[in-house]
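Mind the numbering: the sequence shown is residues 0 to 94 in numbering that gives the first Met the number 0, read in order.
Backbone N, C-alpha and C fix where the C-beta goes; we use that ideal spot for every residue, glycine too.
Being a predicted model, the structure only gives us computed values, none of them experimental.
Take a look at the structure below.
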Amino acid sequence: MAEYVAGLNEKPFRAKQLLQWVHQRGVCDVTLMTDLAKSFRQQLADHAEITSLPVIGDMKASDGTRKWLLDVGAGNAVEMVYIPEDDRGTLCISS
Numbered sequence: 000m001a002e003y004v005a006g007l008n009e010k011p012f013r014a015k016q017l018l019q020w021v022h023q024r025g026v027c028d029v030t031l032m033t034d035l036a037k038s039f040r041q042q043l044a045d046h047a048e049i050t051s052l053p054v055i056g057d058m059k060a061s062d063g064t065r066k067w068l069l070d071v072g073a074g075n076a077v078e079m080v081y082i083p084e085d086d087r088g089t090l091c092i093s094s
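Structural data, given as structure tokens:
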């Protein structure tokens with residue numbers, strides 16, 4: 000993300016702001032990211048697409064482990080597995 004933002008000639012802290020909007024707040028519409036400069040929002044609108052991946056498979060095991068198959072387009076998919084533990088969870092993503 001830092002490299003992408005630098006490629007747009009933006010300051011490094013913009014990468015952190017963008018990640019906070021997407022990953023902490025769940026916002027994908029750049030027009031709603033009000034603490035980003037309007038010029039940066041316009042660059043993102045012109046050059047980036049922020050979307051969630053469609054889930055095409057969802058399985059849950061008796062121990063709470065979840066496995067999802069995500070569509071990444073062009074007939075391709077990635078598998079993501081969440082493994083719950085007592086004090087944390089592990090997320091594995093493979094292609």
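From the DSSP output, in three-state form, read off residue i for me.
{"i": "Val80", "result": "strand"}
{"i": "Asp45", "result": "helix"}
{"i": "Leu7", "result": "coil"}
Please go through the same chain and pick out, in chain order, the residues whose beta-carbon is closer than 6 Å to the beta-carbon of residue i, but skip the five residues on each side of it.
{"i": "Ala44", "result": "Val29"}
{"i": "Arg65", "result": "Lys59 and Tyr81"}
Do you know how far the Cα of residue j is from the Cα of residue i?
{"i": "Met58", "j": "Tyr81", "result": "11 Å"}
{"i": "Trp20", "j": "Leu7", "result": "18 Å"}
{"i": "Leu69", "j": "Gly63", "result": "19 Å"}
Just curious, the alpha helix (DSSP H) that residue i is in, first and last residue?
{"i": "Arg87", "result": "It is not in any alpha helix (DSSP H) - Arg87 carries neither H nor E in the DSSP assignment."}
{"i": "Ala36", "result": "Element bounds for Ala36: n/a, residue is neither H nor E."}
{"i": "Gln16", "result": "Phe12 to Leu18"}
Leaving out five residues on either side along the sequence, give the residues of the same chain with a beta carbon under 7 Å from the beta carbon of residue i.
{"i": "Arg40", "result": "Val29, Thr30 and Met32"}
Would you kindly report the start and end of the unbroken beta strand (DSSP E) that includes residue i?
{"i": "Leu69", "result": "Arg65 to Gly72"}
{"i": "Gly56", "result": "Val54 to Lys59"}
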